[in-house]
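Asker:
Residue numbers (my numbering): -2 to 396.
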């Protein structure tokens, strides 16, 4: 399918979505260049990885940008697929520079800021006529008579969003504070820890959590995908580490309505909670890139890396959206993180499950559904690499 001079840059991390992209593109004979700050990552050991390039870590935002521009300038590179949180921001902010070399599909900077800002995102959901949890800046919150969550206002902290940040400085803030009804948090302490004024969001008592992946072309859907999250990397939530594909018409409707109202362009990953009281699907955040659980989508036939490639090369007519329902996959290092979270984390809103019972559930589901993000019999390299480094790092992060 690809010209011999056409290659795709995949800025990968420890998470398995980079590997899912490599496999998806390899099936279509598209050459992949994996860009990493650590050459010991599992994806670099894959037989399907055509080339590995070392680039600076994302904490030095401008050095990271310059490395991506250097790759974009190569005559064999056609596009860069957004995988890291900083990627869409850099591709959008410096679009004119990247457009000189590669074809990309990302929202404009104003739209991206609206999606990164969780307060403005929930306002956009209201404007689109879809349900959303009440969300307000911490300084505006004066009603604490119901359960609330305090979390970062932005998916990505950069100088455009936070005045205290210098140009080229960035941070990913994942701190979440659960606040039960009739209690209020120490606002000053939270601001100090998060380096900005976060938001307070209504706690949605949910029956299930879902993820919607999508590819849009200037407000028009090219493909959508859904999975139900059975376990996250924490027992309180987080990225999905065991998921199963579903197809729920109402979930598809509200996600398409939100993205169309934003005139969305490119990739999107929206996390939803199904309200236990109303049955409504309420968004909690939107990420403009490939998602951690991409392997579940590609295993089910939703070839988003290839579809992105077709979009940027002007061949959207070749995208055949669709996927199999009932496909489940595991991220084994994430399953371990889930177990460690039971031991190390506490929430005033979510009861901690039994460690023994959860361990049994994980073992049973792995036996009944032995499909994994990294473990593949035709490509054992990433699993062996992960066994030697990934699990140790996962334990260190939690402990």
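The C-beta atom is built at its ideal place from N, Cα and C for all residues, glycine as well. Model, not experiment: these values are computed from the prediction.
Considering only C-alpha positions, which residue in the set 86, 213, 221 is nearest to residue 167?
Answerer: Comparing Cα-Cα distances from residue 167 to each of 86, 213, 221, the minimum goes to 86.
Asker: Got a sec? Which residues, its chain only, sit under 6 Å from residue 384 by beta carbon, not counting five neighbours each side?
Answerer: none
Asker: Please determine if the segment 205 to 212 and the segment 222 to 235 are in contact, where contact requires at least 3 C-beta pairs separated by less than 8 Å.
Answerer: yes
Asker: Might you give, ordered along the chain, the residues of its own chain that have their beta carbon closer than 7 Å to the beta carbon of residue 70, omitting 5 neighbours on each side?
Answerer: Excluding positions up to five away in sequence, the list reads 98.
Asker: Below 8 Å between beta carbons: does that hold for residue 228 and residue 238?
Answerer: Against a cut-off of 8 Å, the Cβ pair of residue 238 and residue 228 comes out as a contact.
Asker: Less than 8 Å between C-beta atoms, sequence neighbours within five positions excluded: which residues of the same chain meet that for residue 364?
Answerer: none
Asker: What did DSSP end up calling residue 301 once you bin it into helix, strand or coil?
Answerer: Residue 301: helix per DSSP, three-state reduction.
Asker: Can you tell me whether residue 51 is helix, strand or coil according to DSSP?
Answerer: strand
Asker: Which ranges would you report for the alpha helix (DSSP H) in the segment -1 to 32 if only whole runs of at least 4 residues count?
Answerer: 14 to 24
Asker: How about residue 32 and residue 7: do their beta carbons lie closer than 8 Å?
Answerer: yes
Asker: Span of the alpha helix (DSSP H) holding residue 228?
Answerer: Per DSSP, residue 228 belongs to no alpha helix (DSSP H); it is in the beta strand (DSSP E), 217 to 231.
Asker: Please state the DSSP three-state secondary structure of residue 335.
Answerer: Helix.
Asker: Using the beta-carbon count (16 or more within 10 Å), is residue 48 buried or exposed?
Answerer: exposed
Asker: Do residue 134 and residue 150 have their CB atoms nearer than 8 Å?
Answerer: yes
Asker: Could you name the residues that DSSP lists as bridge partners for residue 265?
Answerer: 211
Asker: Taking 8 Å as the threshold, find out whether the segment 10 to 25 comes into contact with the segment 291 to 309 through three or more Cβ pairs.
Answerer: yes
Asker: Let me confirm a value: residue 183 is counted as buried when at least 16 other C-beta atoms fall within 10 Å, else exposed. Which label applies?
Answerer: With fewer than 16 other Cβ atoms within 10 Å, it is exposed.
Asker: Going by DSSP, what residue range makes up the alpha helix (DSSP H) through residue 83?
Answerer: Looking at the DSSP string, the run of the alpha helix (DSSP H) that includes residue 83 is 83 to 90.
Asker: So who's on the other strand from residue 239, going by DSSP bridges?
Answerer: 228, 327
Asker: Hey, would you say residue 371 sits closer than 8 Å to residue 39, going by beta carbons?
Answerer: Cβ atoms of residue 371 and residue 39: closer than 8 Å.
Asker: What's the call for residue 380, buried or exposed, on a 16-neighbour Cβ count within 10 Å?
Answerer: With 16 or more other Cβ atoms from the protein chains shown falling within 10 Å of its own Cβ, residue 380 counts as buried.
Asker: State the start and end residues of the unbroken alpha helix (DSSP H) segment that holds residue 251.
Answerer: 246 to 258
Asker: How is residue 291 classed by DSSP in three states: helix, strand or coil?
Answerer: helix
Asker: Assign residue 230 to buried or exposed, taking buried as 16 or more other Cβ atoms, counted over all protein chains shown, within 10 Å of its Cβ.
Answerer: buried
Asker: What is the DSSP secondary structure of residue 275, counted as helix, strand or coil?
Answerer: coil
Asker: If I follow the unbroken beta strand (DSSP E) through residue 113, where does it start and stop?
Answerer: Following the DSSP letters along the chain, one finds residue 113 in no beta strand (DSSP E) but inside the alpha helix (DSSP H) bounded by residues 106 to 113.
Asker: DSSP on residue 148, reduced to helix/strand/coil?
Answerer: Strand.
Asker: Just how far apart, CA to CA, sit residue 156 and residue 283?
Answerer: 20 Å
Asker: Is the beta carbon of residue 45 less than 8 Å from the beta carbon of residue 317?
Answerer: Result no, Cβ atoms of residue 45 and residue 317 do not sit closer than 8 Å.
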